[in-house]
Amino acid sequence: MLQLISILMENKPGALMRVTGLLTARGYNIESLTVARTLDPDLSRMSIVVDIEPGEAGDKQRMQLVKQINKLINVLQASDLTEAPAVRRELTLVRVRSTMQNRTAILKEAEIFGARAVDSSVEGFVLEATGDSEKLDEFIDVMRSYGEIEVTRSGLVAVALEAKKLRLAPPVARESEMETDGVLK
Amino acid sequence: MSSLTNGANIVLECLTREKVEIIFGYPGGVTLPFYDAIYDSPIKHVLVRHEQNAAFAAQGYARATGKVGVCCATSGPGATNLVTGLVDAMMDSIPIVALTGQVTSKLIGSDAFQEADTFGITRSATKHNFLVKTLAELPQAIHEAFHIAASGRPGPVLVDITKDVFQGQAHYTPVNAIHLPGYKVYTEGHAGQIRRAAQMIWEAKRPFVYAGGGIVAADASEELRDLVEMVDAPAVCTLMGLGALPGTHPNFVSMPGMHGSYAANMGMSETDLIIALGVRFDDRVTGRLSAFAPHAKVIHVDIDPAEIGKIRVPEIPIVGDVKRVLKKLNSALEETAGEMKGKNLTSRAAWWSQIKAWQNEHPFRAEESEDEIKPQHLMAEIDRLSGGEAIVTSDVGQHQMWCAQFIRFNHPRLWINSGGLGSMGFGLPSAIGAQFARPDKLVFSVVGDGGFQMSIPELATIANHALPVKIIVSNNGYLGMVRQWQELFYNNRLSSVQLDTFPDPEKLAGAYGFKGSTVDDPSQLRAALEAAVNEPGPYLLNVKVSQFENVYPMVPAGGAINEMVLGAPQAVEA
């Protein structure tokens, strides 16, 4: 089953590598991953989807994964949104080659899915659709019936509906070291 | 504000403020500015003969003292050579800080001479790592590295510093505070869980204490002892925890696991309550998990939340520093002792007589022979000379298990070995670090002939500093542990395990300017060991032990720990 983890982390070089490296090292397979900075430019929000076997063993794996991610120094908070109340959305860009005859039909169909054309040329369209992943799967399936398509998907982004209290480590004073005289004058 | 100085001096300033006394390292191109600064520094630099051994020596120092060990290497090959030592420290939760040089920041990514992606390579080998490309971030990174290495669950931290940062000029500004908002360490333990744990301990009929390296790391031996004595429970210490409870303590039931004692493994299998303290339910301890401690409830105390429930889901999880938690647990036990202690006296007495019966049934047998030196005999003799007080560093393999079985440690931080990673070549360099850390202590480096030959270059370091390390080679002419498995599980097809060439120890040690000898007569063993110990300087004693001795008891991989093989299979007629 797919597990969705939302991670708030410091926007520092290597922070992404720490998360993906941890997943690889512990044998998880990443289904999708998105990351971008938050309102606070020093922080990033990452949404990760990993594939985990269902059942008790999977539950244990999920818990373990979130704990391991939380251990990363650059991670402020990792939460499992798989079963939590959250809004999940994905975006897809689909380039459809169209003939002059089916242009209207494609646009009509796109409308049904709430997609819009973001580029139009004699060869066809680029359509943008957002929604949950299943809806996008259907949209892509339908578009395929009109001809050759090319698809780029963003991967799932999510926002939890219940704010989870962010617990941060307070600064640690370095008084004991300060008492030590250095050698520099 | 201090006067203008270069980055290398700022690094040393930070190290001084972290009270670093000694660095184990090896210089190179991009660390030249740092080594130029060390030339004038009161911090001692020990030149090892290979960077891997710098990391192992730093570990030896850290393991013997609890302080952060420091090692240093240049960019590229220097840094990559550290990696085994870093992973080893990661597996055993040992606090070390590794400083590496990196090519000038402008050259990063250009495949410059001796460039390697140290930051990327060591990501999974460290608790955390830093790449410092500007002077402004340098002091913060170094102090953060020490803080991360030493706090919480200890571990290795690497700071990769570019050459231009070492060379650049800046004023040193002291770092007043470390702010790592994502680095949360829970030390106190949940009060309610601790009370429940106390209740559960009193209610148990067959309690069993399973103590590990966390006790050593948290300096919680005294608290462990209080607990064990108050509830009079049998206790085992894992390979990483040996010495946490004195080896001579009446409640000590030796080591559990693959080569653990019969009583330890039977106890673990029959107990109704495991009190797990600073342990991680390693596969070498649990054997086949589905058959591990099937009747037991589990109280698990660990500072790392990810260890709790990773392997075995405990009835009572307690995240916290095991010293602080044990203090609270002990007072909770004490408060309820009057009412609870008498409850299960009969079943507890029966439990103890069962444990004693197991102990008597199959103790570790210190085999002796008149014809050849049995390795167990060697370890028993070292135990006699040590009296529980010497530092023993070991390498990896059969001799390591025999050390763990036969040499007793009356204090923590005397037994130094590579537990989780099992890195051959660990024994000798870690002894260097331990002897520098504890010049007052007798240090035995008990190594196999395999691991010893991986670390021969460090004989130079030992000779250089006249370190009085007693190197005891338990020499069976084989990679014994691998051979044991080939014998038992691969139809005795001995493939690439024979070490038929071994240097003449007298000549070898002599070449480095100290004494060495060989002993193969069991009646001469004691005298030979005593001569080594009485030698004021280093000594290399090559002990020719029985070639085909195997380590028992043994739980075959994937086996249940109560299904130990207790001794060599007897020859059966076809």
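Protein sequence lines correspond, in order, to chains A and B.
Just so we're aligned: 7 in numbering that gives the first Met the number 0 is position 8 of the first sequence, and the numbers increase by one with no gaps anywhere.
Just so we're aligned: 408 in numbering that gives the first Met the number 0 is position 409 of the second sequence, and the numbers increase by one with no gaps anywhere.
Glycine included, each C-beta is placed from N, C-alpha and C at the ideal position.
Secondary structure of residue i, DSSP reduced to three states
i, result
"isoleucine 29/A", "strand"
"valine 19/B", "coil"
"glutamate 572/B", "At glutamate 572/B, the pLDDT of 49 sits below 50, so the modelled position is not reliable and the matter cannot be decided from this model."
"arginine 36/A", "strand"
"serine 393/B", "strand"
"lysine 373/B", "coil"
"threonine 4/B", "strand"
"asparagine 463/B", "helix"
"isoleucine 274/B", "strand"
"serine 385/B", "helix"
"asparagine 128/B", "strand"
"alanine 111/B", "coil"
"phenylalanine 207/B", "strand"
"serine 150/B", "coil"
"phenylalanine 443/B", "strand"
Alpha helix (DSSP H) segment containing residue i, residue limits
i, result
"glutamate 9/A", "That residue, glutamate 9/A, is in no alpha helix (DSSP H); its beta strand (DSSP E) goes 1-9."
"proline 504/B", "504-510"
"lysine 327/B", "321-339"
"phenylalanine 165/B", "162-166"
"arginine 224/B", "220-230"
"aspartate 91/B", "76-91"
"tyrosine 261/B", "261-269"
Inter-residue CB distance, residue i and residue j (contact presumed, cutoff 8 Å)
i, j, result
"leucine 223/B", "leucine 157/B", "The pair is not a contact, with the Cβ atoms about 32 Å apart (cut-off 8 Å)."
"methionine 90/B", "glycine 419/B", "3 Å"
"threonine 103/B", "aspartate 159/B", "Between aspartate 159/B and threonine 103/B the Cβ distance is about 13 Å, and since that is not below 8 Å, they are no contact."
"proline 206/B", "valine 235/B", "Not quite, the Cβ-Cβ distance comes to about 12 Å (not below 8 Å), so this is no contact."
"threonine 4/B", "glutamine 168/B", "7 Å"
8 Å Cβ cutoff, residue i in contact with chain A
i, result
"phenylalanine 118/B", "yes"
"glycine 213/B", "no"
"leucine 123/B", "Sequence check: residue 123/B is serine here, not leucine. Output row for serine 123/B: interface = yes."
"leucine 179/B", "yes"
"glutamate 572/B", "Because glutamate 572/B carries a pLDDT of 49, less than 50, the predicted location of this residue cannot be relied on, and no value is offered for it."
"lysine 183/B", "yes"
"leucine 381/B", "Sequence check: residue 381/B is isoleucine here, not leucine. It does not: the Cβ of isoleucine 381/B has no partner Cβ on chain A nearer than 8 Å."
"valine 174/B", "yes"
"proline 304/B", "yes"
"glycine 308/B", "yes"
"histidine 189/B", "no"
"isoleucine 147/B", "yes"
"histidine 299/B", "no"
Among the options, nearest to residue i - alpha-carbon criterion
i, options, result
"alanine 433/B", "Val468/B, Pro456/B and Asp448/B", "Val468/B"
"tryptophan 350/B", "Ala53/B, Gly266/B and Ala56/B", "Gly266/B"
"isoleucine 105/A", "Val141/A, Glu9/A, Gly54/A and Lys70/A", "Val141/A"
"valine 93/A", "Ile6/A, Val65/A, Ala157/A and Gly123/A", "Gly123/A"
"methionine 0/A", "Val150/A, Glu82/A, Leu21/A and Leu71/A", "Glu82/A"
"proline 521/B", "Pro535/B, Lys506/B and Val544/B", "Val544/B"
"glycine 28/B", "Tyr38/B, Asp225/B, Thr73/B and Asn541/B", "Thr73/B"
"alanine 510/B", "Phe488/B, Met480/B and Ala459/B", "Ala459/B"
"arginine 323/B", "Tyr60/B, Thr186/B, Phe513/B and Thr117/B", "Thr186/B"
"glycine 100/B", "Ser92/B, Pro94/B, Leu81/B and Ile93/B", "Leu81/B"
"asparagine 52/B", "Pro32/B, Ala78/B and Phe33/B", "Ala78/B"
Terminal residues of the beta strand (DSSP E) in which residue i lies
i, result
"lysine 59/A", "Premise fails: lysine 59/A lies in the alpha helix (DSSP H), 55-70, not in any beta strand (DSSP E)."
"glutamine 76/A", "74-79"
"serine 516/B", "514-518"
"threonine 99/B", "95-101"
"tyrosine 538/B", "538-543"
CB contact below 8 Å: residue i versus chain B
i, result
"methionine 45/A", "no"
"glutamine 60/A", "no"
"glutamine 100/A", "no"
"arginine 17/A", "yes"
"leucine 22/A", "no"
"valine 74/A", "yes"
"valine 171/A", "yes"
"lysine 163/A", "no"
"glycine 26/A", "no"
"lysine 107/A", "no"
"glycine 13/A", "yes"
"glutamate 9/A", "yes"
Any non-hydrogen atom of the ligand MG closer than 7 Å to residue i Cβ
i, result
"asparagine 474/B", "No copy of the ligand MG appears in this structure; indeed no ligand is present at all."
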